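Protein chains in written order, with this note's numbering: chain Y, 1 to 431; chain X, 1001 to 1431. Glycine included, each C-beta is placed from N, C-alpha and C at the ideal position. From a predicted model like this one, the values you see are computed outputs, not experimental measurements. This report concerns only the one structure given below.
2 protein chains.
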Amino acid sequence: MKSVNVGIIGFGTVGRGVVRTLLSKKKLLKERSGLSINLVKVADKNLRQRKGMRVPGKLLTKDINSVLKDRNIDIVVELIGGIHPAKEIILKALTLGKHVVTANKALLAEHGEKIFTVASRFRTLLGFEASVGGGIPIVNVLRKSLIANDIEVVYGILNGTSNFILSKMSDEGYTFRQALDDAKARGIAERNPKLDISGVDSCHKIAILARLGFGLSIKPKDIHTEGIEGLDPADIQYAGSWGYAIKLLAIARKSGQKLDVRVHPSLISLKNILASVKYEDNAIFIRGDMVGGSLLYGKGAGSLPAASSVVSDIMEIAKSIGEFKKAKDFFRFQFDTGVKKAREISELFTRYYLRFSAIDKPGVLAGISDILAKNKISIATVTQKEKKAGQPVPIVMLTHKANEGKLNKALERIDKLNFITKKTVKLRIVR
Amino acid sequence: MKSVNVGIIGFGTVGRGVVRTLLSKKKLLKERSGLSINLVKVADKNLRQRKGMRVPGKLLTKDINSVLKDRNIDIVVELIGGIHPAKEIILKALTLGKHVVTANKALLAEHGEKIFTVASRFRTLLGFEASVGGGIPIVNVLRKSLIANDIEVVYGILNGTSNFILSKMSDEGYTFRQALDDAKARGIAERNPKLDISGVDSCHKIAILARLGFGLSIKPKDIHTEGIEGLDPADIQYAGSWGYAIKLLAIARKSGQKLDVRVHPSLISLKNILASVKYEDNAIFIRGDMVGGSLLYGKGAGSLPAASSVVSDIMEIAKSIGEFKKAKDFFRFQFDTGVKKAREISELFTRYYLRFSAIDKPGVLAGISDILAKNKISIATVTQKEKKAGQPVPIVMLTHKANEGKLNKALERIDKLNFITKKTVKLRIVR
């Protein structure tokens, strides 16, 4: 029986799941693949995750370099996350002819081009299924299953922490702060949840999906990204009364030669299947010219879902190299789908939800709608909500499709009107 | 650039989609894979599908053997369907060292074991993504993405024609006959829709998924299969009033050392995401010990969705053989997950929907419930519906969990009662 040797760098949440799986499911994996996967080293500067697991002591080391230097190791699994030293570790492994599996979305989003190029040059394979969607096989579905499709759009809920918070706010009436505290207490949010709630994590993931779906190399900084930190429960409630849920969506949509790519809290129809994706669950909708609309739904994070994807990458590589040790991934990471570059958010043409905060006096609606009209923004529906004591009057509006650049100009002027008391809330409607 | 030669046998609905894709998307596929896929022969005894397509005449042949004999052909795509001569064609191709892609669910369900064994012996690859779920990548998700999971259950809507008919009946008040005629008129149902509406098509597909998910080789004849032909719109309406949709589900669920595998119209909660899968769409729910609950949703049939899967198989094989021509698929088709055999339907322990048709007279409910009680079947809720002139009285019931064998005994006795006018309707509740 062929055997393949694996070394793991990073013994955190995901690393723990992978180690547990490779040790406890060796027989199952052998049964299914005919291959023996040997875990030969687990390296981390901090080995406290060992607690509660029966890991043979001889596997463990604090010396990361010993994994890279070990000539018997065929596949290096990088699970420390972040840019440095993960980038250096992966590049070193690839240039040494080792195949690499990683779950590192930040690194692939920021430096994917470099890493894919090096992998290709050294004829080594790179698996990264766990970098987007946890246990959801979105990476391989885009790379492989839908390879013959012209992808029209990929969008979805890619961050479980944010979705948990939004579910708590919409279904259980929590404030943002209460929901975040609850997520932390349950271990769903990290102690520093900034990457999740700011939308940056979703931004990294959509950068990877933009590459897989549209062949476009795009930097996270060029993706318009808004998080959920500023979201007011009132907006969730008003949106709901009009038949919309608010979800943090990451979107990549072909728009002529440009890619409309963005991350922001979005109003989606309650009839959209994504509206029923609750708590930590993730879901990704894809439309391809051949398959039509498709959806993948599952657990977007967590030790075992991510480990499931990491181990599937290990097995795929192991199968490829089982006989020849060397292999070449023919999949290209840049290819021409007619998409040349990302589109500016100011070019967006969509429907908007607006909430104005105004002093209760005559002429307010006239003042607002006059400025909107001058900027060619047409109102679809408007409601003046009941005023709470001591609060400004909320005027809530859905627009027809409008240009974001023009809308921003209009809002800038409106927010300077003397009866406007707070910055206007602007949310985009997605369909 | 490496090039791989493909021959297609079968120029029907799916064949047409594959030919069109390989001819029109050669550049896209080359861009994404770095491989040139050359369509070198298209064989069918009947070439009328050529109509309206620009297929170079030199590709076309009525001689199926010429594809098998062509030493330049690396991959044979079998798309004629049915058992004979598809079986002989595939076995011949495999023994000649050619890799095979097929969409033939009936053949794989009936003779999968033989075919997989021959493929493995001759070190040839076999792709069959399109055999289940059309454009939904369920085969590769089970074979590859979830390889490290102990699968607990796979169930879903695997037949678009039946789901279309059920949607028409539940959402638009059609009778079965009206819905079937509409499906035929739209080209959704074939002229002879027997395989679809009898559940046999779903049975073939769940036989394949049982093999992939649980390593069990099971014959279609050993899978309890009921279709939707007998379904009365009244039952859809009554089920709806209790919060259930009726869907034709194919189910494979681990139950100790046995596999609970069956196909039948089922009541599922309207809150179950599968209840919102409408018309021709398919969806498959999988629960694995690592990934938890996951769902794949998309188009389960049609020329282009199926062609998308066939071409993805072609590309996967092409990538594997690009450098070495020979390859071995390490994936085993029989492996030990602790599941030894299929469970008899009489062992099923679940909740049931029952509709009795009775003459309107005193003592009816007492008579029925007495027999149920003696067979340890406990009633969860019961409604006696209003009688329509000249019709028997419908008594509709949901039971608590009960054993199917005992229930069948009870129903046999009940149906012999002198006030029972028709065979009692029995549907299973799935959750």
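Between the CA atoms of residue j and residue i - distance to the nearest angstrom
i, j, result
"THR61/Y", "ASN72/Y", "16 angstroms"
"ALA1086/X", "SER1162/X", "26 angstroms"
"THR1175/X", "ASP1181/X", "10 angstroms"
"TYR297/Y", "LYS58/Y", "39 angstroms"
"GLN1237/X", "ASP235/Y", "37 angstroms"
"GLY1097/X", "ILE1075/X", "9 angstroms"
"PRO56/Y", "ASN65/Y", "20 angstroms"
"ILE1193/X", "GLY1081/X", "The amino acid at residue 1193/X is misidentified as Ile; the sequence shows Pro. If I take the Cα positions, the gap works out to 15 angstroms."
"ALA1301/X", "ALA1250/X", "16 angstroms"
"LEU1166/X", "PRO1265/X", "10 angstroms"
"GLY1215/X", "LEU1209/X", "9 angstroms"
"GLU1386/X", "VAL1396/X", "11 angstroms"
"LEU274/Y", "GLY1293/X", "16 angstroms"
"GLU129/Y", "LEU1365/X", "57 angstroms"
"GLU78/Y", "ASP222/Y", "26 angstroms"
"LEU47/Y", "LEU1398/X", "55 angstroms"
"HIS224/Y", "PHE1164/X", "40 angstroms"
"MET53/Y", "ARG1186/X", "58 angstroms"
"ASN375/Y", "ASP1289/X", "55 angstroms"
"PHE204/Y", "GLU113/Y", "A quick correction: the sequence has His, not Phe, at residue 204/Y. Spanning the two alpha carbons is a distance of roughly 14 angstroms."
"LYS41/Y", "VAL6/Y", "7 angstroms"
Beta-carbon gap between residue i and residue j smaller than 8 angstroms
i, j, result
"LEU270/Y", "TYR352/Y", "no"
"GLU1280/X", "ILE1188/X", "yes"
"SER202/Y", "ARG211/Y", "no"
"ILE1009/X", "ILE1089/X", "yes"
"ALA1358/X", "PRO1392/X", "yes"
"ILE1206/X", "LEU1158/X", "yes"
"VAL1118/X", "THR1095/X", "yes"
"LEU267/Y", "ALA239/Y", "yes"
"ILE136/Y", "ASN282/Y", "yes"
"ALA1148/X", "LEU23/Y", "no"
"ALA318/Y", "SER33/Y", "yes"
"ASN1140/X", "SER320/Y", "no"
"LEU17/Y", "SER303/Y", "First, the amino acid is wrong: residue 17/Y is Gly here, not Leu. Contact: yes."
"ILE1377/X", "LYS1406/X", "yes"
"GLY134/Y", "LYS299/Y", "yes"
"VAL1425/X", "ARG1355/X", "yes"
"VAL1153/X", "ALA1252/X", "yes"
"VAL1339/X", "LYS1219/X", "no"
Buried or exposed by the 16-neighbour rule on C-beta atoms within 10 Å, applied to residue i
i, result
"ALA1380/X", "exposed"
"MET1315/X", "buried"
"LYS325/Y", "In this prediction, LYS325/Y scores a pLDDT of 49, lower than 50, which makes its location untrustworthy; the coordinate-derived value is nonetheless stated afterwards. It is exposed - the Cβ of LYS325/Y has fewer than 16 other Cβ atoms within 10 Å."
"GLN44/Y", "Correcting the residue type first, residue 44/Y is Asp in the shown sequence and not Gln. The residue in question, ASP44/Y, is buried, as its Cβ has 16 or more Cβ neighbours within 10 Å."
"ARG121/Y", "exposed"
"LYS247/Y", "buried"
"GLY1015/X", "buried"
"PHE335/Y", "buried"
"PRO362/Y", "exposed"
"GLU226/Y", "buried"
"ILE1420/X", "buried"
Cβ-heavy atom distance, residue i to the ligand SAM, below 7 angstroms
i, result
"LEU417/Y", "The ligand SAM is not part of this structure, which contains no ligands at all."
CB contact check: residue i to chain A, cutoff 8 angstroms
i, result
"ASN1038/X", "Looking for chain A here will not work: the only protein chains present are Y and X."
### Against chain Y: residues of the stretch 1123–1137 of chain X by CB proximity under 9 angstroms
GLU1129, GLY1134, GLY1135, ILE1136, PRO1137
### Query
Are the stretch 1401–1414 of chain X and the stretch 1355–1371 of chain X touching, with three or more C-beta to C-beta distances below 8 angstroms?
yes
### Query
In chain order, what residues of the stretch 88–121 of chain Y put their CB closer than 8 angstroms to some CB of chain X?
none
### Message
Under 7 angstroms, CB to CB, which of the residues in the stretch 1267–1284 of chain X have a partner in chain Y?
### Response
ILE1273, SER1276
### Message
Below 8 angstroms, how does it come out for the stretch 103–117 of chain Y and the stretch 32–40 of chain Y: are there three or more Cβ pairs, yes or no?
### Response
no
#### Entry: Members of the stretch 1144–1168 of chain X near chain Y, C-beta cut-off 8 angstroms
LYS1144, SER1145, LEU1146, ILE1147, ALA1148, ASN1149, ASP1150
### Query
Which of the residues in the stretch 294–307 of chain Y, read from start to end, lie with their CB under 7 angstroms from any CB of chain X?
SER294, LEU295, LEU296, TYR297, GLY298, LYS299, LEU304, PRO305, ALA307
### Task
Report the residues of the stretch 4–27 of chain Y with a CB closer than 7 angstroms to any CB of chain X, ordered along the chain.
THR21, LYS25
### Query
Using Cβ-Cβ distances below 8 angstroms, what residues of the stretch 332–366 of chain Y are close to chain X?
ARG332, PHE335, ASP336, THR337
### Task
Check each residue of the stretch 213–237 of chain Y: if its Cβ is closer than 8 angstroms to any Cβ of chain X, include it; give the result in chain order.
GLY215
### Message
Tell me which residues of the stretch 1054–1066 of chain X have at least one Cβ-Cβ distance to chain Y shorter than 8 angstroms, keeping chain order.
### Response
none
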